[in-house]
Structure formats: structure tokens, C-alpha cells
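*Asks:* The structure that follows is given in the form of C-alpha cells.
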Amino acid sequence: MDSYCISVKDQFDNLEKHTQWGIDVLEKYIKFVKERTEIEISYAKQLRNLSKKYQPKKNSKEEEEYKYTSCKAFLVTLNEMNDYAGQHEVISENMTSQITAELTRYMQELKQERKSYFHDGRKAQQYIETCWKQLEASKRRFERDCKEADRAQQYFEKMDADINVTKADVEKARQQAQIRHQMAEDSKAEYSSSLQKFNHEQHEHYHTHIPNIFQKIQEMEERRIVRIGECMKTYAEVDRQVIPIIGKCLDGITKAAESIDQKNDSQLVIEAFKSGFEPPGDIDFEDFTQPMKRTVSETSLSNSRGDGKSEPKFGGKSKGKLWPFIKKNKLMSLLTSPHQPPPPPPASASPSAVPNGPQSPKQQKEPLSHRFNEFMTSKPKIHCFRSLKRGGGGPEDFSNLPPEQRRKKLQQKVDELNKDIQKEMDQRDALTKMKDVYIKNPQMGDAASVDYKLAELGQNMEKLRLEAQKFEGWLAEVEGRLPVRTEQSRRQSGMYETQNTSAVNNCAQDRESPDGSYTEEQSQESEMKVPMTEFDDEFDDEEPLPTIGTCKALYTFEGQNEGTISVAEGELLYVIEEDKGDGWTRIRRNENEEGYVPTSYVEVYLDKNAKGAMTYI
773 MDSYCISVKD QFDNLEKHTQ WGIDVLEKYI KFVKERTEIE ISYAKQLRNL SKKYQPKKNS
833 KEEEEYKYTS CKAFLVTLNE MNDYAGQHEV ISENMTSQIT AELTRYMQEL KQERKSYFHD
893 GRKAQQYIET CWKQLEASKR RFERDCKEAD RAQQYFEKMD ADINVTKADV EKARQQAQIR
953 HQMAEDSKAE YSSSLQKFNH EQHEHYHTHI PNIFQKIQEM EERRIVRIGE CMKTYAEVDR
1013 QVIPIIGKCL DGITKAAESI DQKNDSQLVI EAFKSGFEPP GDIDFEDFTQ PMKRTVSETS
1073 LSNSRGDGKS EPKFGGKSKG KLWPFIKKNK LMSLLTSPHQ PPPPPPASAS PSAVPNGPQS
1133 PKQQKEPLSH RFNEFMTSKP KIHCFRSLKR GGGGPEDFSN LPPEQRRKKL QQKVDELNKD
1193 IQKEMDQRDA LTKMKDVYIK NPQMGDAASV DYKLAELGQN MEKLRLEAQK FEGWLAEVEG
1253 RLPVRTEQSR RQSGMYETQN TSAVNNCAQD RESPDGSYTE EQSQESEMKV PMTEFDDEFD
1313 DEEPLPTIGT CKALYTFEGQ NEGTISVAEG ELLYVIEEDK GDGWTRIRRN ENEEGYVPTS
1373 YVEVYLDKNA KGAMTYI
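For the sequence shown, the residue numbers in our numbering are 773 to 1389.
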């Protein structure tokens, strides 16, 4: 019996260890799934951050790049990766709700169930042990009573056989023996009852209670095994459920990649950078055997003039388009250098020595105000040197851009203004309706309070309409729907440019040619005169052009016009700018005196380290 009880107790210990190991396995699997969900969340977060990192920033240059099919495909890839990350978040959420949370709750229930089963087992074991102890106690008492009764019987028999013992002592010994025999019978009955009870309890214990407890523990363990297997299936099913959506994301990336059209991207590049310029024409041969007289093709980019031809405007179709992109010093040179061909050298030592000698060709005189208006209204133009120096956005009419790019910018500006006008109109209509409601129902509000806002909207709309008309006029001119405006019409329609006096006051005047004269009336000149204080301030800190050589005056030259400088025959001066093909060389006498002289009037000696070290005679 003892060995059997010990064996059952050992089985309880083994089962307790095994079921605890099953719970540990369950906790391990829960921890595994939880870490997997954390990985999925982290992976999804990293994918989203990656997608967000490479998304084009709003209102930036990157956003314009996404008009190309390859960039569009990349944008689709980023969006699909964002959806792809969302599916990994779904995996994490489903695993958390369907596996981690369920198993955690089930594990708590399992621990309680296991605890109750082993508690019942220990209780049954303790009860059977108690019954066994009671049986052992009644058995020992029965055994003791039997021995006492036997001794009392032997003592009685001894006393009865002894003739020397009185009858009273014999009777006393007989009664004592009878009492002991009765106690032995009672102990026997009690032992018999205890034995029957124990046998019954033991039978119930080993055939009913303990097997039932073991069966419940077995069922509990099997449910645990089944449950963990179901969770593993759910683990796979959660992944399988998102596979179709992930497949659609990957299909979207593949479709976007297949939609890339290299021809379309190339055409977009062409459209984006198409200038609209015509190729320059051939450059004519310059015959130096004839008197110095430079003739360059009218379609050349050198911006030169032919014999007796009027000075071409800055707004020509294919000439002078590139000058807004040159450096400031070169821009100043362009504005201040003479635009007429230089006079030919005199036949003798001094131009005054031969009265009938060759003179510079007569040029048609242009009024100063016309030249200034040409500078302000021709294409391309720079509204303000301040914006040029500080890297401003360029002129308002985008005249610094090639024709095709200018047309696109103007069209974009017109569309933006029309959208703004539409917004103002919508606000006006809403306020008008609100005013009508206030008039019909004064308790809802004061109708007069809306009038100020309506007036303000009306002013804004008028300003926007004027702006739109201005840009539409420029757009029409670019597209060829309207003829190029004359100087007089530009002055008449210059309401948009002359209203902003500060912008005009900061701009520079153009120069007159050396042979021209100012025939405009004083009142007309003063009308177009522009203060140069801010212009001078802007370039005060500009470093002077470095000297690139020296020159010697071969003839006397009277620089009577703006941009030129007078020199005497034999005078030595510094060269600061070579002849650019227009026949003029820029020289300097000192820090405050510099200007242009005809290249044929001086002999130039350039430094060896200066580019194009040539001698002009």
C-alpha cells in the first residue's frame, strides 16, 4: 500500500512538471508571436518612413520632376510601398488580436484549471492517507486489546489454578479477563468497520477519483496542444490573407514600371527646354583690305550693325537673347559701350589734320527717351539692377527666358491669376448671399457689415483682372496674336510698369551711340529721367575690372558722347576689356576715368597671361 501511494504521488509530481512545461511552451510561443508583431510594426514603420523620405516635397523643384513617366512610376512605387507597409501593420494587428491576446487569456484559464486539478488530487491523496492512518490506528488498538485480553485470561487461569489464592481474587481476575475480552471484541468490530471503510475509500480513490483527475489533466493538456496548433494555423492564415493585397501592390509596381515611356520623357525634356530661337545665320566675310568697316550678318548673335542700317532692338527674334545671363560687369559694359560701329582711323597722324578725311558714318539720331523706353520695354529686359545683383527672380514678363519658356511661364501666370479671380468671385457670391440673408432676416446679422468686405473683394478682383490683362497681352505678343508694340504704344500702355515708380527709379538708363545726339526736348527728357543714386549704391562695392594690358593711342580721339573717353595721340593707357567684335576697346586712364575708344585708334599690348594676347593696330 505504501509503495503504491508513493507511486501515485510520484505520478502527480511528474504530471505537475509536465503540465508546467506545457504552460512554459505556450508562454514561449506567445512571446514569439509578440516579437513577430513588433518586427512587423517596426518594418511597416521603416517602410512608411522610407516612402515618406522619398516623396516629392510640395511646392518644390522635385514636384515638377514627377511629370516624367519614370518619376511617376517611382512615385507609384512609393505609394505601393506605403500600402505594402499597411499590410504588415494588418499582420501585426491580426496576430496580436487573434493569437497573442487569445493565447494570453487561455493561458490564464489554463493555469487556474491546472491548479484546481492538482489541488483536487492532493486533497484526494491526503484523504486516502488519513483513512489509512485511521485504519492503522484501529488495527493497532485491536491488536493491543487482544494482547491485553490474552494476558488477562492467562492471569485468570493462573489465579484459578492456585489453591492459595482466595476466591475473591480469582473472581476479580475472571472479571478483568472478561473486560479485556470485551474490549478486544469492541476493537475488533471497530477495526473491521475501519477496514471496510478504508477499502471502500481506497477503491474509490484509485478507481474513480484519481483516474478522473488524471483524465481531466490529460484533457486539459490535450486542449492546450490543440489550441497551440490552431494558433499556428492562424499564424499562417494571417500571413496568407494579406498575400493577395501584397500581390496587388507588387502588380501595381510592375504596371508602373511597364508604363515608363522613354520617348514621352524625351519629348517632355524637349518641351521643357525648347527655346524657340532660330539658329544663327552665317557670318559674313570681313574684308580688312577695305577701310575699317565691320559687317556681320543680321542673324548673327554678335549684335553688330551693317552699313547705314539702323540699330537693331533688343527685342529682336534671335539677337541679344542671351544678354540677361551674362555677368554684371559685362552687362554694364553692354549698357555703357557704344552701339554704333567705330569711326575708321584717320589717313594722317590726326583726324583734324585732314579736313576731308574719312569720317565716321552718319547714324540716325534717336531721342534719349526712345532709347530709355526701348531698354525698359524691349525683350529681353531687366527691370532692375538691384534684382540682378541680388539674384532676383527676373523681370515680371519673363523676358529673360527663351520664347517658348516665356510663353509657358506667362500661360502659367495667367492660369494662376484666373484661379485667384475665380476664388475672389466665389467669395463675393458667398458674401452676397449672406448679405441677402441678413437683409431678409436682420436678427441673423448686420447687412452693412458685409459691404466693406465686398468692396475689398471688388478692389482685389479689379487688381487681379488688370494683372491678368497685362500678362495676357504679353502672352498674346509672344504667341504672335498681336503685333509687336511700337514705342508710342508701349508708352501709352505702360500703365502697369509706370505705376510702380520705385521699380523704375531703381533701373538704369541706356546709352546713346557716339555719333548720335540728344534732340529730345528738355521736358520730354526730364519726363523719362531716372535717379541713379540707388544704381550707384548697388555697384559701389563692385570691384573695378582688372587691367589685361596696355595700349598706345595712335590718333587723337574726341570722346564727346556718353560711354567714350577722349585720348591724345601717343598717350599710354590701360586696357580693361578687349574688342568683342564691335570695334570698340575699353580702356582706363585712372581710377575715375575709363571708357571706350575705337580699336583702330590704339595699339594694344595684352599681358602674356591674358587670354587672346593679340595686338590690334
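For each residue, glycine too, the CB sits at the ideal point set by N, CA and C.
Bear in mind that the values here come from a model prediction, so they are computed numbers and not experimental data.
1. Can you tell me whether DSSP reads V1041 as helix, strand or coil?
2. With a Cβ-Cβ cutoff of 8 Å, do I989 and L787 count as a contact?
3. Relative to the C-alpha of R995, which candidate in P1175, E1234, A845, Y878 has its C-alpha closest?
4. In this structure, what does DSSP give as the bridge partners for R1360?
5. Kindly indicate which three-state DSSP category F1057 falls into: helix, strand or coil?
6. Nearest by alpha-carbon distance to T1328: which of E1349, T1319, E1375 is it?
7. Taking all protein chains shown into account, do 16 or more other C-beta atoms lie within 10 angstroms of the C-beta of P1214, making it buried, or fewer, making it exposed?
8. For Y978 and S910, I'd like the C-alpha separation in whole angstroms.
9. Count the CB pairs spanning the segment 845-863 and the segment 814-824 that are closer than 8 Å, and state whether there are at least three.
10. Quick one: what does DSSP say G1048 is sitting in, helix, strand or coil?
11. Could you check the C-alpha separation between M853 and K883 for me, to the nearest Å?
12. What does a CB cutoff of less than 7 Å around T1006 pick up in its chain, not counting 5 residues either side in sequence?
13. For G1243, collect the residues of the same chain with a Cβ closer than 7 Å to its Cβ; drop the 5 residues on either side in sequence, then sort them by chain order.
14. Tell me, please, whether the segment 894-904 touches the segment 1047-1060 by the rule of three or more beta-carbon pairs shorter than 8 Å.
15. In this structure, how does DSSP classify L1378 when only helix, strand and coil are distinguished?
16. Let's test the definition: count the other Cβ atoms within 10 Å of the Cβ of F784 and tell me whether it reaches 16, buried, or not, exposed.
17. Measuring CA to CA, which of R808, F890, A1325, E1350 is closest to E993?
18. In this structure, does DSSP put T938 in helix, strand or coil?
19. So which of I1025, K939, I1359 has the shortest CA-CA distance to L1346?
20. For my contact list, T1322 and Y1377 are in at a C-beta cut-off of 8 Å; report their separation, rounded to the angstrom.
21. Does the segment 786-803 touch the segment 822-832, meaning 3 or more C-beta pairs lie closer than 8 Å?
22. So, does the CB of K887 fall closer than 8 Å to a CB anywhere in chain D?
23. Would you be able to state if there are at least three C-beta pairs under 8 Å between the segment 962-978 and the segment 943-954?
24. In whole angstroms, what separates the C-alpha of G1342 from that of D1059?
25. Is the CB-CB distance between L1226 and I1193 below 8 Å?
26. In whole angstroms, what is the alpha-carbon distance linking L1344 and P1051?
27. Since I believe K960 is in contact with F928 (beta carbons under 8 Å), could you give me their beta-carbon distance rounded to a whole number of angstroms?
28. What would DSSP say about T1328, mapped onto helix, strand or coil?
29. Excluding the five sequence neighbours on either side, which residues of its own chain have a C-beta within less than 6 Å of the C-beta of V986, listed in chain order?
30. Could you compute how far the alpha carbon of E991 sits from the alpha carbon of H975?
31. Can you pull the DSSP bridge partners for C1323?
32. Would you call T1357 buried or exposed, if buried means 16 or more other Cβ atoms sit within 10 Å of its Cβ?
33. Does the structure place the segment 805-812 close enough to the segment 824-843 that three or more beta carbon pairs sit under 8 Å?
34. Out of L1247, V937, S1221, which one is the CA nearest neighbour of K1180?
35. Taking the DSSP output, what are the residues bridged to T1371?
36. If you compare alpha carbons, which of E1330, R1361, D1351 is closest to P1316?
*Replies:* This is what the structure holds:
1. For the purposes of this step, residue 1041 is taken as the residue at position 269 of the sequence shown. V1041: helix per DSSP, three-state reduction.
2. Residue mapping note: residue 989 aligns to position 217 of the sequence shown, counting from 1. Residue mapping note: residue 787 aligns to position 15 of the sequence shown, counting from 1. Against a cut-off of 8 Å, the Cβ pair of L787 and I989 comes out as a contact.
3. Counted from its first residue, the sequence shown places residue 995 at position 223. Nearest C-alpha to R995: Y878.
4. Residue 1360 sits at position 588 when you count from the first residue of the sequence shown. DSSP, once it has assigned bridges, lists Y1346, E1366 as partnering R1360.
5. As a first step, residue 1057 must be located in the sequence shown, where it is residue number 285. Three-state DSSP puts F1057 in coil, outside helix and strand.
6. For the purposes of this step, residue 1328 is taken as residue 556 along the sequence shown, with counting starting at 1. Of the listed residues, the one whose Cα sits closest to T1328 is E1375.
7. Within the sequence shown, numbered from 1, the residue matching residue 1214 stands at position 442. Exposed is the call here.
8. Within the sequence shown, numbered from 1, the residue matching residue 978 stands at position 206. Within the sequence shown, numbered from 1, the residue matching residue 910 stands at position 138. The alpha-carbon atoms of Y978 and S910 are separated by roughly 22 Å.
9. yes
10. Working through the sequence shown from its first residue, we reach residue 1048 at position 276. In the structure shown, G1048 sits in coil (DSSP, three-state: anything other than H, G, I, E or B).
11. Here residue 853 is taken as the residue at index 81 of the sequence shown, counted from 1. Here residue 883 is taken as the residue at index 111 of the sequence shown, counted from 1. Taking the straight line from one Cα to the other gives about 43 Å.
12. Looking up residue 1006 in the sequence shown gives position 234. Cβ within range, chain order: Q870, I871.
13. Stepping through the sequence shown from its first residue, residue 1243 is reached at position 471. Per the sequence shown, the amino acid found at residue 1243 is Phe instead of Gly. Once the five neighbours on either side are set aside, the close Cβ partners of F1243 are L1182, K1185, V1186, L1189.
14. no
15. Taking the first residue of the sequence shown as 1, we reach residue 1378 at position 606. Residue state, collapsed to three classes: strand.
16. For this step, residue 784 is matched to residue 12 along the sequence shown. Counting Cβ neighbours within 10 Å, F784 comes out buried, since at least 16 surround it.
17. For the purposes of this step, residue 993 is identified with residue 221 of the sequence shown, where counting begins at 1. For the residues R808, F890, A1325, E1350, the minimum Cα distance to E993 belongs to F890.
18. Indexing the sequence shown from 1 puts residue 938 at position 166. DSSP places T938 in coil when its eight states are reduced to three.
19. Translated into positions along the sequence shown, residue 1346 becomes position 574. As written in the sequence, residue 1346 is Tyr, which differs from the Leu given in the question. Here the closest residue by C-alpha is I1359.
20. Along the sequence shown, read from residue 1 onward, the residue named residue 1322 stands at position 550. Along the sequence shown, read from residue 1 onward, the residue named residue 1377 stands at position 605. About 5 Å separates the two Cβ atoms, so the contact holds.
21. no
22. Any reference to chain D falls outside this structure, which holds one protein chain only.
23. no
24. For the purposes of this step, residue 1342 is identified with residue 570 of the sequence shown, where counting begins at 1. For the purposes of this step, residue 1059 is identified with residue 287 of the sequence shown, where counting begins at 1. So the alpha carbons of these two residues sit roughly 28 Å apart.
25. Here the question's residue 1226 lines up with position 454 in the sequence shown. Here the question's residue 1193 lines up with position 421 in the sequence shown. No, Cβ-Cβ distance for L1226 and I1193 is not below 8 Å.
26. If you number the sequence shown from 1, residue 1344 lands on position 572. If you number the sequence shown from 1, residue 1051 lands on position 279. Between L1344 and P1051, the alpha-carbon positions lie close to 42 Å from each other.
27. Here the question's residue 928 lines up with position 156 in the sequence shown. Here the question's residue 960 lines up with position 188 in the sequence shown. 20 Å between Cβ atoms; not a contact.
28. For the purposes of this step, residue 1328 is identified with residue 556 of the sequence shown, where counting begins at 1. Coil at T1328, not helix or strand.
29. Sequence index remark: in the sequence shown, residue 986 carries index 214 (1-based). Rather than Val, the amino acid found at residue 986 in this sequence is Phe. Closer than 6 Å at the Cβ level, and outside the excluded window around F986, lies no residue.
30. As a working mapping, residue 991 is identified with position 219 in the sequence shown. As a working mapping, residue 975 is identified with position 203 in the sequence shown. Roughly 23 Å between the two C-alpha positions.
31. Mapped onto the sequence shown, residue 1323 falls at position 551. Beta-bridge pairing links C1323 to L1345, V1376.
32. Within the sequence shown, the letter at position 585 stands for residue 1357. It is buried - the Cβ of T1357 has at least 16 other Cβ atoms within 10 Å.
33. As far as the Cβ criterion goes, the segment 824-843 does not touch the segment 805-812, which means the pair count is below three.
34. In the sequence shown, the residue the question calls residue 1180 occupies position 408. Of the listed residues, the one whose Cα sits closest to K1180 is L1247.
35. On the sequence shown, position 599 is the one that residue 1371 refers to. T1371 pairs with nothing; no bridge assigned.
36. In the sequence shown, residue 1316 corresponds to position 544, counting from 1. When each option's Cα is compared against that of P1316, the closest is R1361.
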